[in-house]
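Trainee:
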Amino acid sequence: MVSLEGLSGLPMSGITKPISMAGPTKADILKSRQLKKFLVEARLYESKEEAAKREEVLGKIQEIVTSWVKQLTRLKGYTDKMVEDANAVIFTFGSYRLGVYGPGSDVDTVCVGPSYVNREHDFFFVLHNILSERKEVTELQPVPGARVPVMKFKFDGISIDLLYARISLLVVPQDLDISDVSVFYNVDESTVQSLNGRRVADQILKLVPNVEHFCTTLRCLKFWAKRRGVYSNVTGYLGGVSLALLVARVCQLYPNAVPSMLVSRFFRIYTQWRWPNPIMLCAIEEDELGFSVWDPRKNPRDRTHLMPIITPTYPCMNSSYNVSTNTLRVMTEQFQYGNNICEEIQLNTVKWSALFEPYRFFESYKDYLQVDIVAANADDLRAWRGWVESRLRQLTLMIERDTYGKLQCHPYPHEYVDTSKSRAHCAFFMGLQRKQGEIVQEGQPFDIRGSIDEFRHSVSKYMFWKPGMEISVSYVRRKQLPAYVFPDGYEHPQNRWLTPHHKLSHSNGNACTESGGKCLKRKKDLDGEYSEHSRLEKRQYLDGNKSVSPEIISCELNRMSSGCSTFDQDEMNGAAEGNASSTSSVISSCSNEDIGNECPAGISEGSNGGDNGSVEGSTSPSSSQSDSNDADLKSSLEDEHADHRNKNKPRHGASCPACAVLHYHARVRDLTYLPFAERELMLIKIAVNAAARRDVLDIANIFRAKAVDVSGHTITLEGEGEEEGMIANGIFIDHDSLSLTGDLDKMVALQRLLEPYGICEVARTGRVALVRESGVDSKYLRGYSFPV
118 MVSLEGLSGL
128 PMSGITKPIS
138 MAGPTKADIL
148 KSRQLKKFLV
158 EARLYESKEE
168 AAKREEVLGK
178 IQEIVTSWVK
188 QLTRLKGYTD
198 KMVEDANAVI
208 FTFGSYRLGV
218 YGPGSDVDTV
228 CVGPSYVNRE
238 HDFFFVLHNI
248 LSERKEVTEL
258 QPVPGARVPV
268 MKFKFDGISI
278 DLLYARISLL
288 VVPQDLDISD
298 VSVFYNVDES
308 TVQSLNGRRV
318 ADQILKLVPN
328 VEHFCTTLRC
338 LKFWAKRRGV
348 YSNVTGYLGG
358 VSLALLVARV
368 CQLYPNAVPS
378 MLVSRFFRIY
388 TQWRWPNPIM
398 LCAIEEDELG
408 FSVWDPRKNP
418 RDRTHLMPII
428 TPTYPCMNSS
438 YNVSTNTLRV
448 MTEQFQYGNN
458 ICEEIQLNTV
468 KWSALFEPYR
478 FFESYKDYLQ
488 VDIVAANADD
498 LRAWRGWVES
508 RLRQLTLMIE
518 RDTYGKLQCH
528 PYPHEYVDTS
538 KSRAHCAFFM
548 GLQRKQGEIV
558 QEGQPFDIRG
568 SIDEFRHSVS
578 KYMFWKPGME
588 ISVSYVRRKQ
598 LPAYVFPDGY
608 EHPQNRWLTP
618 HHKLSHSNGN
628 ACTESGGKCL
638 KRKKDLDGEY
648 SEHSRLEKRQ
658 YLDGNKSVSP
668 EIISCELNRM
678 SSGCSTFDQD
688 EMNGAAEGNA
698 SSTSSVISSC
708 SNEDIGNECP
718 AGISEGSNGG
728 DNGSVEGSTS
738 PSSSQSDSND
748 ADLKSSLEDE
758 HADHRNKNKP
768 RHGASCPACA
778 VLHYHARVRD
788 LTYLPFAERE
798 LMLIKIAVNA
808 AARRDVLDIA
818 NIFRAKAVDV
828 SGHTITLEGE
838 GEEEGMIANG
848 IFIDHDSLSL
858 TGDLDKMVAL
868 QRLLEPYGIC
878 EVARTGRVAL
888 VRESGVDSKY
898 LRGYSFPV
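To convert a position in the sequence shown, counted from 1, into our numbering, add 117.
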């Protein structure tokens with residue numbers, strides 16, 4: 118970069134002096150014209166007709182919210198004068214406000230309303246109902262639990278994200294100036310977040326030296342980031358605000374540069390930037406209002422931020438707090454890629470189109486994690502997908518934590534859809550590779566089963582879960598990738614601008630991804646090469662005919678897992694199974710091509726997890742027993758079962774819990790979700806003796822139970838409820854029976870499983886009720902109630 122020596126007389130540009138005041142050459146101007154022509158040909162600009170339609174839609178939304186506030190003012194008993202003056206104002210922000218929107222872009226809006234119109238009921242209930250009755254409104258999706266609560270919908274085909282900000286005024290003036298900090302008096306955190314979107318956009322436009330050049334450069338780099346897979350705030354990459362701030366800072370450092378120069382300088386600067394030094398357009402503002410401001414000296418959490426990009430308005434925040442070690446690595450590689458291309462563009466060896474070559478994600482790695490998401494219909498999938506996608510970043514952090522950074526994840530923000538499915542479906546993928554330069558003992562696995570268990574547990578907490586909402590996490594090798602991720606067919610990579618990880622070796626490491634089983638290693642033939650026959654098949658895809666709830670799914674991994682992938686030499690083998698759609702598809706993933714044996718619910722055919730692919734035992738996340746203890750337990754069960762059978766005891770099975778457990782292992786694949794019209798709870802009792810209590814508790818893990826044995830008689834769970842003995846989704850043991858309470862579908866499935874042995878009976882049922890948690894910002898939680 119250019120030295121600052123000799124530039125002492127230059128005016129300040131942001132928090133520092135500019136790097137260069139040089140203007141463009143004729144070649145720079147020509148390249149800028151070529152860049153603008155490319156962007157137009159790529160259809161990144163909207164037509165006048167489309168722009169006019171957006172303006173028309175915004176005008177209609179303004180009319181709706183004004184009418185909505187007047188209606189509420191009347192219902193709340195205010196005077197006729199107040200009703201007449203009642204008002205709400207729509208502000209735009211994001212790409213629309215910055216002037217870099219294109220065809221199909223969302224319009225980010227915030228509705229500013231008076232103090233007596235609240236968000237919880239008036240916005241997310243009353244306004245929601247008004248919008249739902251409009252024929253122009255489709256795909257209406259309220260997201261009250263988001264970090265910034267939002268209502269998403271399409272109005273006459275235009276995607277709208279609508280936020281709500283309640284300010285401390287009884288009447289909102291039409292010419293409200295939200296740039297004044299006084300607008301933050303007596304408001305909540307969500308209002309601050311909602312208003313700051315517009316405030317940040319306005320401040321960026323004020324702080325850049327040339328708005329036109331800034332907009333062209335930002336439009337270009339936004340397109341580049343999408344093509345290279347680094348544009349997604351929720352996944353841990355650059356969001357719209359973060360990218361705008363990065364571009365604005367480059368504009369400040371080169372105030373007289375044209376877009377072609379700014380694009381080149383963008384990559385040059387951020388290839389060399391020493392993170393976590395922050396990017397700031399102006400000094401951080403302090404105020405007495407008491408809102409938290411980004412300051413690593415005072416706030417310990419701010420010290421953990423890897424790529425701080427600070428917003429320029431009070432309260433200043435880090436817009437890129439989601440960035441992780443893995444996503445920062447990927448972005449740094451892509452900055453280097455862009456820098457290399459721009460250098461060749463300057464030499465006239467390539468054209469601008471080379472910069473926007475799509476990233477060949479599925480040709481860059483040998484090993485992947487696949488996350489399938491399904492729901493009963495498109496509306497359910499939209500909500501379910503949003504929830505799961507918001508948790509994918511946590512999965513990468515968990516894997517990074519549990520492997521001490523030795524196994525690197527590359528989450529890809531693009532979603533893929535299998536249109537052949539009978540139900541709504543989408544999938545996300547993550548590339549996996551061993552960290553370059555890490556020395557791993559040969560044959561040593563990366564065990565990420567716990568990471569996937571923790572991720573599934575996090576996803577299962579979705580309080581708006583509906584029947585049919587399912588996820589599946591599986592390991593796939595490159596050649597096992599589904600065809601729908603290659604819409605134009607597979608091509609071998611021939612791009613000479615490969616990022617470093619294209620060339621990395623995957624040797625000397627294994628990865629275990631499925632819960633409850635030991636790592637399977639590929640056996641070698643007599644010549645020392647890995648045999649094709651020892652490779653595990655990829656699991657079958659989601660079966661639309663069978664479905665289980667998230668809680669039932671846990672048993673499939675906690676008790677039935679029989680294999681995991683290995684990251685051995687060049688490839689990982691096996692299947693990582695998350696919340697699968699059916700147990701049959703889980704078990705199919707355990708098949709071994711050379712043997713053809715099935716893995717019946719965690720019972721090993723062999724005596725150990727050796728080269729033949731058999732697995733000894735299985736572990737549950739809630740169990741404190743080791744694999745060897747579980748194996749001994751199963752062995753004793755089989756002995757007890759055989760002894761019971763040989764003695765011809767009466768009612769065999771009814772009084773033999775070993776029979777029940779073995780029957781459970783053999784028949785568990787038949788468990789399916791029963792689509793009842795109404796969700797209910799059911800309590801069932803299982804006859805059990807003290808010696809077999811442990812085994813029946815293994816069955817109880819069907820309910821995602823984290824069981825704790827108290828004095829050998831009472832079992833309590835992590836979950837809802839107040840009474841220790843009988844709680845919702847809970848279990849209770851007395852001397853000769855086990856009582857289980859859970860959702861009706863799970864209870865019926867378990868009852869059907871044990872019914873042939875006469876050891877299961879229904880006690881009573883109760884309907885599910887929604888309960889409101891007191892004192893927690895009026896959030897709704899799912900709870901249960903029993904009639905006496």
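The C-beta atom is built at its ideal place from N, Cα and C for all residues, glycine as well. A quick note: this is a predicted structure, and the numbers were derived from the prediction, not measured.
Between the Cα of L355 and those of T444, T333, E405, P393, spot the shortest distance and give me the residue it belongs to.
Mentor: T444
Trainee: Alpha helix (DSSP H) containing G567: first to last residue?
Mentor: 566-576
Trainee: Buried or exposed: V309, going by 16 or more other Cβ atoms within 10 Å of its Cβ?
Mentor: buried
Trainee: If we count the other Cβ atoms within 10 Å of its Cβ and call it buried at 16 or more, is I85 buried or exposed?
Mentor: What is shown of the chain runs 118 to 905, which leaves residue 85 out entirely.
Trainee: Output needed for N289: all residues of its chain with C-beta closer than 7 angstroms, excluding positions within five of it in sequence on either side, in chain order.
Mentor: First, the residue type needs correcting, since residue 289 is Val and not Asn in the sequence shown. Apart from the 5 residues on each side of it in sequence, V289 sits with its Cβ closer than 7 angstroms to the Cβ of N204, A205, V206, V229, G230, P231 in its chain, given in chain order.
Trainee: Using the beta-carbon count (16 or more within 10 Å), is L287 buried or exposed?
Mentor: exposed
Trainee: Between which two residues does the alpha helix (DSSP H) harbouring A361 extend?
Mentor: 357-370
Trainee: In the structure shown, what three-state DSSP assignment does D297 receive?
Mentor: coil
Trainee: Taking 9 angstroms as the cut-off, decide whether the C-beta atoms of I516 and I565 are in contact.
Mentor: yes
Trainee: Can you give me the Cβ contacts of R595 inside the same chain, cut-off strictly under 8 angstroms, excluding the 5 residues immediately before and after it?
Mentor: F479, E480, Y482, K483, D484, Y485
Trainee: Exposed or buried, D225, counting other C-beta atoms within 10 Å across all chains shown (16 or more means buried)?
Mentor: buried
Trainee: From the DSSP output, in three-state form, read off D484 for me.
Mentor: strand
Trainee: Out of curiosity, what's the CA-to-CA distance linking D273 and E253?
Mentor: 5 angstroms
Trainee: Where does G131 land, buried or exposed, given buried means 16+ other C-beta within 10 angstroms?
Mentor: buried
Trainee: Cα-Cα, which of N246, A492, V317, N439 is closest to R214?
Mentor: V317
Trainee: Distance check for S311 and Y431, CA to CA, integer angstroms please.
Mentor: 13 angstroms
Trainee: Since I believe E256 is in contact with F242 (beta carbons under 8 angstroms), could you give me their beta-carbon distance rounded to a whole number of angstroms?
Mentor: Actually they do not touch by this definition, with Cβ atoms about 18 angstroms apart.
Trainee: Closest to E166 by CA distance: which of T209, T133, G219, E180 is it?
Mentor: When only C-alpha atoms are compared, the closest one is G219.
Trainee: Counting pairs of beta carbons, one from the segment 391-399 and one from the segment 334-352, are three or more of them closer than 8 angstroms?
Mentor: no
Trainee: What does the alpha-carbon distance come out to for the pair I548 and A493?
Mentor: First, the amino acid is wrong: residue 548 is Gly here, not Ile. Rounded to the nearest angstrom, the two C-alpha atoms are 28 angstroms apart.
Trainee: Among the candidates W185, K153, V410, L192, whose CA atom is the shortest distance from the CA of T334?
Mentor: K153
Trainee: Can you list, in chain order, the residues of its chain whose CB lies under 6 angstroms from that of G211, leaving out five sequence neighbours each side?
Mentor: Counting only Cβ-Cβ distances below 6 angstroms, and skipping sequence neighbours, we find D225, G357.
Trainee: Answer yes if the segment 410-422 comes into contact with the segment 502-521, meaning at least three C-beta pairs across the two stretches below 8 angstroms, and no otherwise.
Mentor: no
Trainee: Can you tell me whether L147 is buried or exposed, with buried defined as 16 or more other CB within 10 angstroms of its CB?
Mentor: exposed
Trainee: Could you round the C-beta distance between N456 and F384 to whole angstroms and report it? I think they count as a contact, below 8 angstroms.
Mentor: 4 angstroms
Trainee: If you draw a straight line from the alpha carbon of P599 to that of M378, how long is it in whole angstroms?
Mentor: 41 angstroms
Trainee: CB G503 to CB V260, shorter than 9 angstroms?
Mentor: yes
Trainee: Pick out whichever of D292, R283, D223 has its Cα sitting closest to the Cα of I277.
Mentor: D223
Trainee: Which one of Q553, V505, Q597 has the shortest CA to CA distance from K575?
Mentor: Note that residue 575 is Ser in the sequence shown here, rather than Lys. For the residues Q553, V505, Q597, the minimum Cα distance to S575 belongs to V505.
Trainee: How would you call V590, buried or exposed, if buried means at least 16 neighbouring beta carbons within 10 angstroms?
Mentor: buried
Trainee: Restricting to runs no shorter than 4 residues, where is the alpha helix (DSSP H) found entirely within the segment 428-476?
Mentor: 442-463
Trainee: DSSP state of C110, grouped into three classes?
Mentor: Residue 110 is absent from the model: the chain starts at 118 and stops at 905.
Trainee: Pull up the distance between the alpha-carbon of P604 and that of H531, whole angstroms please.
Mentor: 14 angstroms
Trainee: Cβ atoms of T428 and N313: under 9 angstroms apart, would you say?
Mentor: yes
Trainee: According to DSSP, simplified to helix, strand and coil, what is M378?
Mentor: helix
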